[in-house]
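Structure record follows, encoded as structure tokens.
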Amino acid sequence: LQPAVNSVLEAGKIVLEIYHSDFKVKDKGKNDPVTEADLKAGAHISRNLHFSNIPILSEEDSEKKDISKFVAAWILDPIDGTREFVHKNPEFAISLGLSVRGKAVLGIIFNPVTRELIYGAENLGVVYQKLEEIPNSFSIESQNFTKTLSNFKPTNKILISRTEEKEGLFFPLWFLSVGSFQRLVRSRISSVWWRREKRPFRFL
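Residues in the sequence shown are numbered from -15 upward in steps of one, following the numbering used here.
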């Protein structure tokens, strides 16, 4: 979890610098933009996680891979909400998760503009933090996991609006991240899917 969180935060600095610049936008397909930030953030996280020898399935991969073929896989969306990013709307995030045998076991969501960070892992719980700045190094302390999302009040709608859209990878990673806190989050997200299923998200 520690190297994954640090990789996401480092990518956040890259994304933020591009966000405040005049960047070019390409089109992957119908209404599906991609920017320099998507590519650079994705490449940075992929390089940092290469040590794990776990394949990385990215939203920006030119060749889509079948997750069912892997026992474990990182699932990455370098910028979930690229359309918002393009319009300088801060409702986007870097999303990274780890799936093991189809089960979501670790998740990280970070908005580099608002500096809101959510990270969690199976059997540990979930932490929400609003950082004063994006740190050069970030240490995960075990006591952090005593925190809950019961008083979670996001400064923007990113964590709610994106889940309602059910687009890209953000929707599953949100549920991955809340993990055992589903009852707390359920009242804050209008998700018929979660109320109906009442079970942890699986990628397969």
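For every residue, glycine included, the Cβ atom is placed at its ideal position computed from N, Cα and C.
Looking at residue j and residue i, is the spacing between their C-beta atoms short of 8 Å?
i, j, result
"Val111", "Tyr103", "yes"
"Ile78", "Val(-1)", "yes"
"Thr66", "Pro(-13)", "no"
"Leu115", "Leu101", "yes"
Quick check on DSSP: helix, strand or coil for residue i?
i, result
"Gly104", "strand"
"Ile29", "helix"
"Trp158", "A caution first: Trp158 carries a pLDDT of 42, below 50, which makes its placement in the model too unreliable to give a value."
"Gly109", "strand"
"Thr35", "Reading off the sequence shown, one finds Phe at residue 35, where the question assumed Thr. Note: Phe35 maps to helix in three-state DSSP."
"Ser79", "strand"
"His4", "coil"
Excluding the 5 residues preceding and the 5 following residue i in the sequence, name in chain order all residues of the same chain whose CB lies nearer than 7 Å to its CB.
i, result
"Val(-11)", "Ile92, Tyr103, Phe122 and Ile124"
Might you give, ordered along the chain, the residues of its own chain that have their beta carbon closer than 6 Å to the beta carbon of residue i, omitting 5 neighbours on each side?
i, result
"Asn32", "Ser(-9)"
"Ile2", "Glu20 and Ala21"
"Ala105", "Leu(-15) and Leu90"
"Lys8", "none"
"Lys24", "Ile(-2)"
With distances taken from CA atoms, which of the options is nearest residue i?
i, options, result
"His228", "Glu100, Asn95 and Pro62", "Because residue 228 is not part of the residues shown, which for the chain are -15 to 188, the question remains open."
"Glu(-6)", "Asp64, Glu106, Arg99 and Leu90", "Arg99"
Answer with yes or no whether the minimum CB distance from residue i to chain D is below 8 Å.
i, result
"Pro119", "Note that chain D does not occur in the displayed structure, where there is just one protein chain."
Starting from the C-beta of residue i, find all residues in its chain whose C-beta is less than 8 Å away, skip the five residues before and the five after it, and write them out in chain order.
i, result
"Lys(-3)", "Pro96 and Ile118"
- Query: Are there three or more Cβ pairs, one per stretch, closer than 8 Å when the stretch 25 to 44 is compared with the stretch 53 to 60?
  - Reply: yes
- Query: Is the stretch 84 to 93 close to the stretch 67 to 76, with three or more CB pairs under 8 Å?
  - Reply: no
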